[in-house]
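Notes follow once the structure below has been shown.
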Amino acid sequence: MVSEVVQGLLLGLAILIVFFFILPRVWRGKSGGGGWSLLLVGPSNAGKTAMFLRLRDGDGSRNRETVTSMRPNEGDVTMRVGGVEKNIHVIDLPGHPRLESYFFKEVPRAKGIVMVVDCMDFNSSKEEVARHMYRLLTSPVVRGRGVPILVACNKSDGGAKAHSAEFIRKRLEKMVYEMYMSDRESGLDSIGNDKDEREHNILSGKGDGFSFSDLAERRKFHRPLHVSFQKVSVKEGDLDAVKEFCLGTCKL
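According to my numbering, the sequence shown holds residues 65 to 316 in order.
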């Protein structure tokens, strides 16, 4: 009788170990790094890989040279803000237009997206930055789940040469809306040509123009989508805005 009780307890313990420890590891291996992740996206040379390394390795990566990524970098990162600490799976995606397939592969896992922008070189890269933002805002996954987006304006330590987060926000609103109108006029509206559907397009705005703040409102076909802009500096280790975004807005 006693042996049967012991065997039952051991079987129950084995089931708990499998359920809570082994299965999550197996599933993580199959999914390539976990169910929910933070994606780092944006143009090449904006500082995505440097940000990934700084988040993962701290000051140890400060002087490490990086090159343009041709494949994703990913890993678990321990983020601390105040008294809150959590391990988050981070995926740094290549920014080259020819490598966009990685974005479409990984975006279903995204709980949050950080788009890294070089605010020192924004005028030279603004078309590519706008293209990345337009891709995010027209993604059915991002729209359908309301995946929050942080635009991390990197190299904010550049003094007067660094564009402010507000300047970048206003410029992107104008350029993204121009892209939307161009696609709509050419019949490439990703939502469709039906009048009712167009009225609920996430980029249609309330009239002329477009504002990121409009996205926070619930619409017929989309969940509220929060897009925020913050200045950061990978070089100086000023990444609290990214950590707060992960632990707060995304609840990763």
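Ideal Cβ positions, reconstructed from N, Cα and C, are used throughout, including at glycine.
query                                                                                                           : result
Other residues of its chain near Ser189: CB distance less than 7 Å, five sequence neighbours each side excluded : Pro107, Asp182
Buried or exposed (CB count within 10 angstroms, at least 16 for buried), Val90                                 : In this predicted model, Val90 has a pLDDT of only 40, less than 50, meaning its place in the structure is not dependable enough to derive any value.
Residue span of the alpha helix (DSSP H) that contains Arg199, given as start and end                           : 186-201
Distance CB(Glu170)-CB(Ile155) smaller than 7 Å                                                                 : yes
Lys225 in three-state terms, based on DSSP                                                                      : helix
Same chain, Cβ closer than 7 Å to Phe276, five either side skipped, listed in chain order                       : Arg233, Glu237, Val291
Cys310, DSSP secondary structure in three states                                                                : helix
Close Cβ partners of Asp302 (< 6 Å) along its chain, the five nearest in sequence each way excluded             : Val296
Inter-residue spacing [alpha-carbon to alpha-carbon] between Ala305 and Glu164                                  : 26 Å
Contact belief for Cys310 with Leu102 at Cβ below 8 Å, rounded distance in angstroms                            : 6 Å
Where Ala174 sits in the DSSP three-state scheme                                                                : strand
Val180 beta carbon less than 7 Å from that of Ala224                                                            : no
Gly139 versus Met184 - alpha carbon distance                                                                    : 28 Å
Arg118 - containing beta strand (DSSP E), residue span                                                          : That residue, Arg118, is in no beta strand (DSSP E); its alpha helix (DSSP H) goes 112-121.
Option nearest Arg300 by Cα separation, candidates Arg173, Pro172, Leu119                                       : Sequence inspection shows Glu at residue 300; the Arg mentioned does not correspond to that position. The candidate whose alpha carbon is nearest that of Glu300 is Leu119.
Beta-ladder partner(s) of Phe293, from DSSP                                                                     : Val215
Cross-strand partners of Glu138 (DSSP beta bridge)                                                              : Ile155
Under 7 Å between C-beta atoms of Tyr241 and Gly273                                                             : yes
Among Gly147, Ala226, Val211, Asp247, nearest to Arg195 - alpha-carbon criterion                                : Asp247
Terminal residues of the beta strand (DSSP E) in which Val23 lies                                               : No answer is possible for residue 23: it lies beyond the span of the chain, which begins at 65 and ends at 316.
Classification of Thr202 by the beta-carbon crowding that lies within 10 angstroms, buried from 16 upward       : buried
Reduced DSSP secondary structure (H/G/I, E/B, other) of Arg144                                                  : strand
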